[in-house]
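If you want the numbering used here, it's the 1-based position in the sequence shown plus 29.
Even for Gly, the Cβ is constructed at its ideal location relative to N, Cα and C.
Written out below as structure tokens is the structure these notes cover.
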Amino acid sequence: MTQSDSVVRRIHVLRDELNEHNYRYYVLDAPIVADAQYDLLMRELEELESSHPDLVTADSPTQRVGATPQDSFNTVRHAVPMLSLGNAFDEDEVIAFDRRVHTALAAAGLVKHDAD
Numbered sequence: 030m031t032q033s034d035s036v037v038r039r040i041h042v043l044r045d046e047l048n049e050h051n052y053r054y055y056v057l058d059a060p061i062v063a064d065a066q067y068d069l070l071m072r073e074l075e076e077l078e079s080s081h082p083d084l085v086t087a088d089s090p091t092q093r094v095g096a097t098p099q100d101s102f103n104t105v106r107h108a109v110p111m112l113s114l115g116n117a118f119d120e121d122e123v124i125a126f127d128r129r130v131h132t133a134l135a136a137a138g139l140v141k142h143d144a145d
């Protein structure tokens with residue numbers, strides 16, 4: 030098996046695994062892995078696809094968000110956009126998230142923008 034074959038195989042395994050986790054989380058509301066484990070799998074897939082852009086497909090979990098949620102969930106409109114940590118794994122990533130939150134809140138006129 031060539032390195033290219035190994036990458037293709039790993040990408041397919043990651044996509045299948047992430048699709049299963051998305052289904053369990055969004056549709057069944059019964060996840061079987063911790064968010065941190067899911068995030069590591071997603072990050073690995075993102076890195077592989079970034080290194081091999083010719084292998085990115087429209088149905089990849091990196092190209093869409095989650096899955097169709099259960100009908101039992103209510104729709105809620107937030108006055109201020111909900112922001113995500115963006116899968117922060119270290120201090121620098123948390124600091125970058127904090128900056129994005131402050132920038133978004135300042136743009137919405139909800140806080141004064143601090144100069145860093």
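Exercise. Name the residue from R39, N48, S33 and D58 whose alpha carbon lies nearest to the alpha carbon of D100.
Key: D58
Self-check item: Cβ neighbour criterion (16 or more within 10 Å) applied to D145
Solution: Unreliable placement is indicated for D145, whose pLDDT of 49 sits below 50; the coordinate value is still reported in the next sentence. So D145 ends up on the exposed side.
Quiz item: Within the 8 Å Cβ cut-off, does E73 reach chain C?
Solution: Looking for chain C here will not work: only one protein chain is present.
Quiz item: How would you call I61, buried or exposed, if buried means at least 16 neighbouring beta carbons within 10 angstroms?
Solution: exposed
Self-check item: Own chain, CB closer than 6 Å to A117, minus 5 neighbours either side, in chain order
Solution: V123 and F126
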